[in-house]
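J.: In the working numbering, the protein residues as written are 24 to 119. Cβ coordinates follow ideal geometry from the N, Cα and C atoms, glycine included. Computed from a predicted structure; not experimentally measured. Dropping the structure in here first, questions after.
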Amino acid sequence: MPTARWNGAVIAQATDAQVQVVENNVYFPLSAVTQDYLRPSSHTSVCPWKGTASYYDVVVDGQTNANAASVYPEPKDAAKQIAGHVAFWRGVSVER
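The following block contains the structure:
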């Protein structure tokens with residue numbers, strides 16, 4: 024079962040059937056992410072084939088991992104399968 028952890032907390036957990044894997048990154052459906060650990064960030068980035076990503080800070084026990092979660096709310100057609108899915112990085116451990 025794919026699981027994302029940071030600072031001792033399980034941030035997201037989903038079945039294999041729920042996640043999307045793109046460029047070796049695991050994208051969790053938003054419903055599989057514990058919302059209490061996410062805080063919206065103003066940061067964005069642009070991928071030429073996925074589109075514009077929005078970010079969240081991951082906050083656990085008063086510790087903040089800035090911009091450690093990304094989501095493509097309206098991805099380009101080539102990446103439409105990750106719409107509304109969240110990927111993690113910046114030290115967030117993702118196990119498959």
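Which of the three DSSP states is assigned to Gln43 in this structure?
T.: DSSP places Gln43 in strand when its eight states are reduced to three.
J.: Mind reading off the beta-carbon distance from Trp72 to Ala35? Whole number of angstroms is fine, and I expect it under 8 Å.
T.: That pair is no contact at about 24 Å.
J.: If you check the beta carbons only, do Ala91 and Tyr50 fall under 8 Å apart?
T.: Going by C-beta atoms, Ala91 is not nearer than 8 Å to Tyr50.
J.: In the region 51 to 116, which residue ranges form an unbroken alpha helix (DSSP H) of at least 4 residues, counting only runs that do not cross its ends?
T.: As far as the region 51 to 116 is concerned, it has no whole alpha helix (DSSP H) run of at least 4 residues.
J.: Pull up the DSSP beta-bridge partners for Thr26, would you.
T.: Note: Thr26 sits in a beta bridge opposite Gln36, Glu118.
J.: Taking the alpha-carbon of Val94 as reference, which of Met24, Val44, Glu46, His108 has the nearest alpha-carbon?
T.: Out of Met24, Val44, Glu46, His108, His108 has the C-alpha closest to the C-alpha of Val94.
J.: Are the Cβ atoms of Ser65 and Ala89 separated by less than 8 Å?
T.: Their beta carbons are not under 8 Å apart, which means Ser65 does not touch Ala89 by this criterion.
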